[in-house]
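Residue numbers (this note's numbering), protein chains in the order written: chain Z, 181 to 269; chain E, 525 to 890.
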Amino acid sequence: MAKVVFTPNIQRHVVCPQAEAAGGSVREVLDNAFASHPQVRSYVLDEQAALRRHMTIFVDGRAIRDRVRLSDPVTTSSTVYVFQALSGG
Amino acid sequence: MNDTILVSTRKGLFWVGRKNGSWDIEQVDFLGDNVSLTLTDPISGRHFVALDHGHFGVKMHRSTATGWEEIAAPAYPPKPEGLEENDMWGRPLAWSTARIWALQAGGADEPGVIWCGTLPGGLFRSTNHGDSWELIRPLWDHPKRKQWMGGGADLPGIHSILVDPHNSKRVWIAVSTGGIWFTEDSGASWTQRGEGMRAEYVPPELTHDPIAQDVHCLAQCLAVPHRMWVQHHNGIFVSSDEGKTFSEITDVEPSTFGFPVVVHPRDPDTAWFVPEIKDEKRIPRDGRLVVTRTRDGGKSFDTLTEGLPQRHAYDVVYRHALALNATGDRLAFGSTTGGLWVSEDQGDQWSNVTSTLPPIYAVRFV
Numbered sequence: 181m182a183k184v185v186f187t188p189n190i191q192r193h194v195v196c197p198q199a200e201a202a203g204g205s206v207r208e209v210l211d212n213a214f215a216s217h218p219q220v221r222s223y224v225l226d227e228q229a230a231l232r233r234h235m236t237i238f239v240d241g242r243a244i245r246d247r248v249r250l251s252d253p254v255t256t257s258s259t260v261y262v263f264q265a266l267s268g269g
Numbered sequence: 525m526n527d528t529i530l531v532s533t534r535k536g537l538f539w540v541g542r543k544n545g546s547w548d549i550e551q552v553d554f555l556g557d558n559v560s561l562t563l564t565d566p567i568s569g570r571h572f573v574a575l576d577h578g579h580f581g582v583k584m585h586r587s588t589a590t591g592w593e594e595i596a597a598p599a600y601p602p603k604p605e606g607l608e609e610n611d612m613w614g615r616p617l618a619w620s621t622a623r624i625w626a627l628q629a630g631g632a633d634e635p636g637v638i639w640c641g642t643l644p645g646g647l648f649r650s651t652n653h654g655d656s657w658e659l660i661r662p663l664w665d666h667p668k669r670k671q672w673m674g675g676g677a678d679l680p681g682i683h684s685i686l687v688d689p690h691n692s693k694r695v696w697i698a699v700s701t702g703g704i705w706f707t708e709d710s711g712a713s714w715t716q717r718g719e720g721m722r723a724e725y726v727p728p729e730l731t732h733d734p735i736a737q738d739v740h741c742l743a744q745c746l747a748v749p750h751r752m753w754v755q756h757h758n759g760i761f762v763s764s765d766e767g768k769t770f771s772e773i774t775d776v777e778p779s780t781f782g783f784p785v786v787v788h789p790r791d792p793d794t795a796w797f798v799p800e801i802k803d804e805k806r807i808p809r810d811g812r813l814v815v816t817r818t819r820d821g822g823k824s825f826d827t828l829t830e831g832l833p834q835r836h837a838y839d840v841v842y843r844h845a846l847a848l849n850a851t852g853d854r855l856a857f858g859s860t861t862g863g864l865w866v867s868e869d870q871g872d873q874w875s876n877v878t879s880t881l882p883p884i885y886a887v888r889f890v
């Protein structure tokens, strides 16, 4: 399973510990990670299930390309980092 | 009564209380967070707080017996596949709550009802104290809604919501920019209101088009609800027929530009404004912070200065940052430079509570 790490800045608002989650894409991995902490979803994704404008996700050190469908591939050894983008101030 | 004021700021929610005749900060919640607006439901007594976490989106919290709980924030439904809807800049319009800009409890016969106005223009309603929200589709799907434009923000937004005190199904909203809209069936159908307002920022053929109007704030006299007052981008307007038609009030010193307006709950001729040099500058004239008050329906205005800074004051007072209490005697307002003032005599004299708060977005009496 992939490892999912959330930026410490979210922790001030909602509990979202580091998680192990299954899935072959960013979408699948996040859906599985949110299953145990559903309140985190709206902090990372908007109503249309796209990545929030000033959030960013790295898979194994690379920023994902598909911010809408979250289709970037993830392997069982991947680490998915959910960060806030500096563009948001 | 109304011995507590909730002050929403860029960096927290401040509780200001009255003790022994003076006002002071008594408590701070959500310190460090962007608090955009509050509502105290007069029926349940519960407080609602809208937060804008920036990166992490817009959130809503509700008071409990011991503190706060996060509840659902108004959320847009999925944008239909293939639907092409762009904002005024030609970019795809995100069906996503960008800001909570209006919160209003339903009528006295509607416990649990909360109305919520948002950017990019969706009006939401909860019937269960905010446990869940429903987008008012007849307004969102109204073909003219797509003509709304941003005013000050990139996206249009609903900032004023009025519920008829005699019939809770009748609701008015005001949009920046999109004018005034009215429903008499709890949101099932909508009509444009607001003939007579004037917009200088559009071509001449659109000047008097009700949908082109940048209403900054819409207020209603509770005892005489057909009387409405508007602080508009281009001046002050008053209506005596429930917002169907407006007359312009001109020649008010130091200016008719500003953001907020409040109306006395029983006297429809008494209203207060906080004037600024008009749109290109948006600062108090000559560095003198003043409040203007009419007691005769706009024929004349008092310029209220006692207790307000009259030298090098550049405070801007946003549309939700001027408040009037339930009896119409106490006023409070907060500014972008963190000043907070209270008056207990309808504005004749003001006392400064603090000048060091973060930028103030909203002020509400509890």
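Ideal Cβ positions, reconstructed from N, Cα and C, are used throughout, including at glycine.
Predicted, not measured: the structure shown is a model, and the values here were computed from it.
Test: residue i CB closer than 8 Å to a CB of chain Z
i, result
"E:Tyr600", "yes"
"E:Ala618", "yes"
"E:Glu605", "no"
"E:Glu634", "no"
"E:Glu593", "no"
CB of residue i within 8 Å of CB of residue j, strictly
i, j, result
"E:Trp625", "E:Gly646", "no"
"E:Pro784", "E:Arg843", "yes"
"E:Ala736", "E:Leu742", "no"
"E:Thr816", "E:Val776", "yes"
"E:Ala712", "E:Val739", "no"
"E:Thr562", "E:Ser532", "yes"
"E:Thr818", "E:Tyr838", "no"
"E:Trp672", "E:Gly767", "no"
"Z:Gly203", "Z:Asn212", "yes"
"E:Asp548", "E:Gly536", "no"
"Z:Arg247", "Z:Ala230", "yes"
"E:Pro728", "E:Gly718", "no"
"E:Gly782", "E:Pro799", "yes"
"E:Val814", "E:Ile529", "no"
"E:Trp657", "E:Cys640", "yes"
"E:Pro891", "E:Leu679", "Since the first residue shown for chain E is 525 and the last is 890, residue 891 of chain E is missing from the structure and cannot be characterised."
"E:Ile638", "E:Ser650", "yes"
"E:Pro778", "E:Arg751", "no"
"E:Glu830", "E:Trp865", "no"
"E:Glu593", "Z:Gln219", "no"
"E:Gly681", "Z:Asp226", "no"
"E:Ala856", "E:Phe825", "no"
"Z:Gln228", "E:Lys603", "yes"
"E:Gly811", "E:Arg835", "yes"
"Z:Val262", "Z:Lys183", "no"
Cβ of residue i within 8 Å of any chain E Cβ
i, result
"Z:His217", "no"
"Z:Ser222", "yes"
"Z:Gln191", "no"
"Z:Gln198", "no"
In DSSP terms, what residue i is bridged to
i, result
"E:Asn876", "E:Trp865"
"E:Thr829", "Per DSSP, none; premise fails for E:Thr829."
"E:Ile660", "In the DSSP output, where bridge partners are listed per residue, E:Ile660 has none listed."
"E:Arg540", "The question names Arg, yet the displayed sequence has Val at residue 540 of chain E. The partner list for E:Val540 (beta bridge, DSSP) reads E:Ile529, E:Ile549."
"Z:Tyr261", "Z:Val185, Z:Phe238"
"Z:Leu225", "Z:Leu231"
"E:His844", "E:Ala886"
"E:Ala632", "DSSP lists no partner for E:Ala632."
"E:Phe857", "E:Leu846, E:Trp865"
"E:Ser744", "Going by the sequence as given, residue 744 of chain E is Gln instead of Ser. E:Met752, per the DSSP bridge assignment."
"E:Phe648", "E:Cys640, E:Leu659"
"E:Thr818", "E:Ala795"
"E:Leu561", "E:Ala574"
"Z:Met194", "In the sequence as presented, Met is not what sits at residue 194 of chain Z; that position holds Val. Z:Val194 is not bridged to any residue."
* To do: Starting from the N-terminal side, write out each stretch of the beta strand (DSSP E) that is 3 residues or longer and does not extend beyond the stretch 570 to 625 of chain E.
  => 571 to 576, 582 to 587, 592 to 595
* Complete runs of the beta strand (DSSP E) confined to the stretch 756 to 805 of chain E [at least 3 residues] -> 759 to 763, 771 to 773, 781 to 787, 795 to 800
* To do: Using a Cβ-Cβ cut-off of less than 7 Å, list which residues of the stretch 223 to 241 of chain Z approach chain E; keep chain order.
  => Only those residues of the stretch 223 to 241 of chain Z whose C-beta falls short of 7 Å from the nearest C-beta of chain E are listed: Tyr223, Asp226, Glu227, Gln228, Arg232, His234, Met235.
* Could you pull out every unbroken beta strand (DSSP E) segment of at least 3 residues lying fully inside the stretch 661 to 727 of chain E, listed in chain order? => 681 to 687, 695 to 700, 703 to 707, 715 to 717
* Near-chain Z residues of the stretch 562 to 581 of chain E - C-beta to any C-beta below 7 Å -> His577, Gly578, His579, Phe580, Gly581
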